[in-house]
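Following: one structure in structure tokens, then a few remarks.
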Amino acid sequence: MGRPDFAALIPALAAAARAAGPPQIRNAGTLGGNIVSNAPTGDALPVLAALEATLVIAGPEGARREIPVSHLLAGVEMLRPGELVGFVRVPLLHAPQAFLKATGRTGPGRATASVAIVLDPARRGVRCAVGAVAPMPLRPLEAERWVASLIDWDGDRGHLDPQVSTAFGEYVAAACIPDPPPPEDGSDPVPLPPAAIHLRRTVAALARRALGRALA
Ligand SMILES: Cc1cc2nc3c(=O)[nH]c(=O)nc-3n(C[C@H](O)[C@H](O)[C@H](O)COP(=O)(O)OP(=O)(O)OC[C@H]3O[C@@H](n4cnc5c(N)ncnc54)[C@H](O)[C@@H]3O)c2cc1C
Numbered sequence: 366m367g368r369p370d371f372a373a374l375i376p377a378l379a380a381a382a383r384a385a386g387p388p389q390i391r392n393a394g395t396l397g398g399n400i401v402s403n404a405p406t407g408d409a410l411p412v413l414a415a416l417e418a419t420l421v422i423a424g425p426e427g428a429r430r431e432i433p434v435s436h437l438l439a440g441v442e443m444l445r446p447g448e449l450v451g452f453v454r455v456p457l458l459h460a461p462q463a464f465l466k467a468t469g470r471t472g473p474g475r476a477t478a479s480v481a482i483v484l485d486p487a488r489r490g491v492r493c494a495v496g497a498v499a500p501m502p503l504r505p506l507e508a509e510r511w512v513a514s515l516i517d518w519d520g521d522r523g524h525l526d527p528q529v530s531t532a533f534g535e536y537v538a539a540a541c542i543p544d545p546p547p548p549e550d551g552s553d554p555v556p557l558p559p560a561a562i563h564l565r566r567t568v569a570a571l572a573r574r575a576l577g578r579a580l581a
């Protein structure tokens, strides 16, 4: 039996693998290493979060257990001594996916922000995860549900009003980079720092474009 065409089956993961680092890193780095090192800038991580992947953990003497990848990334569960990530289990959704990454420089670089979008037509769902802006990938669940309710799942999915895509990007960005909480003493609200405003714009643009690509 031939090797499955992973790039066709999980296109967002393939896009993240192609975007990760310079060629030397892409040749030598593994998915297991990307997961276990759990860097906020790990390119595979938002894709696995959006896919709701699970990890099959292999322990000593053939022991096995399965955990959601989000549990490991959030530190809810950890690898125990002698355990390895043996397999990564992802659902095959047979629908378009996209992964986009922004870096602070031309050429290969660590993400300043990244967005993975996964369509799930069977459940009429859009799943989105934002990487690099927080210690672990963030899922803007309300924005996901909102945009999924506006997609014509039975007709032309690509026919989404551009204003909806723009609003989706802003919704995702505001959910992931929220305004500072209002001061408790009732004084004027603290404005978002310029760097956070820039990051919000970056995430909004990535989410809008990634949605557009997935729906095209
Ligand atoms: C110059 C440079 C640029 C980089 N750019 C990027 C980038 O753009 N995007 C990105 O995502 N990453 C980047 N990286 C980080 C890194 O190379 C990747 O995260 C890569 O996927 C790590 O995989 P590895 O197999 O080399 O892991 P290793 O570095 O060998 O391992 C990392 C850790 O995970 C543990 N580990 C590895 N595999 C398993 C397993 N199966 N089960 C349990 N534990 C395990 C190791 O023991 C170690 O503690 C970059 C690194 C460098 C040096």
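When the letters of the sequence shown are read in order and numbered with my numbering, they come out as residues 366 to 581.
Beta carbons: idealized from backbone N, C-alpha and C, even for Gly.
Could you give the residue range of the beta strand (DSSP E) that holds residue i?
| i | result |
| --- | --- |
| leucine 465 | 462-468 |
| glutamate 431 | 429-433 |
| glycine 451 | 449-454 |
| isoleucine 482 | 476-485 |
| leucine 420 | 419-423 |
Can we count residue i as close to ligand 1, meaning its CB is less than 7 Å from some heavy atom?
| i | result |
| --- | --- |
| serine 402 | yes |
| leucine 525 | no |
| threonine 406 | yes |
| alanine 494 | no |
| threonine 531 | no |
| valine 480 | no |
| isoleucine 390 | yes |
| valine 434 | no |
| threonine 395 | yes |
| leucine 413 | no |
| glycine 386 | yes |
| valine 450 | yes |
| proline 473 | yes |
| glycine 447 | no |
| alanine 409 | yes |
| glycine 398 | yes |
Please determine, among the options, the residue with the shortest C-alpha to C-alpha distance to residue i.
| i | options | result |
| --- | --- | --- |
| isoleucine 542 | Pro558, Asp553, Pro554, Ile482 | Pro558 |
| proline 405 | Val498, Leu580, Arg510 | Val498 |
| aspartate 521 | Thr419, Ala581, Ile562 | Ala581 |
| threonine 531 | Leu503, Trp518, Leu571 | Leu571 |
| alanine 487 | His459, Leu410, Ser479 | His459 |
| glycine 496 | Glu509, Ile482, Ser514, Pro546 | Ile482 |
| leucine 576 | Gly551, Arg565, Gln528 | Gln528 |
| arginine 430 | Ala439, Leu420, Ala379, His436 | Leu420 |
| aspartate 408 | Glu507, Thr477, Gly490 | Thr477 |
| leucine 564 | Asp544, Ala538, Ser552, Arg574 | Ala538 |
| proline 500 | Pro376, Asn399, Asn403, Ser479 | Asn403 |
| threonine 468 | Ala560, Pro556, Thr567, Ser552 | Thr567 |
| glycine 534 | Asp485, His436, Ser479 | Ser479 |
| glutamate 509 | Leu374, Pro546, Arg489, Asp526 | Arg489 |
| phenylalanine 464 | Pro502, Ile432, Asp553 | Pro502 |
| leucine 437 | Asn399, Pro547, Lys466 | Asn399 |
What whole-angstrom Cβ distance do residue i and residue j have, given they're in contact under 8 Å?
| i | j | result |
| --- | --- | --- |
| glutamine 462 | alanine 579 | 6 Å |
| leucine 416 | proline 456 | 6 Å |
| proline 425 | glycine 394 | Contact flag wrong, Cβ pair sits at about 26 Å. |
| glycine 451 | alanine 423 | 4 Å |
| proline 473 | proline 387 | 5 Å |
| valine 453 | alanine 418 | 6 Å |
| arginine 475 | cysteine 493 | At roughly 21 Å, the Cβ-Cβ gap does not stay under 8 Å, so arginine 475 and cysteine 493 are not in contact. |
Which residues bound the alpha helix (DSSP H) around residue i?
| i | result |
| --- | --- |
| leucine 378 | 376-384 |
| isoleucine 400 | 396-402 |
| arginine 497 | What sits at residue 497 in the sequence shown is alanine, not arginine. No alpha helix (DSSP H) contains alanine 497, which DSSP labels as neither H nor E. |
| alanine 579 | 559-580 |
| tryptophan 511 | 506-513 |
| glycine 534 | 527-541 |
| isoleucine 390 | 388-393 |
Using only the heavy atoms of ligand 2, determine whether one of them is closer than 7 Å to the beta carbon of residue i.
| i | result |
| --- | --- |
| leucine 444 | In the structure on display, ligand 2 does not appear, and the ligands it does have are ligand 1. |
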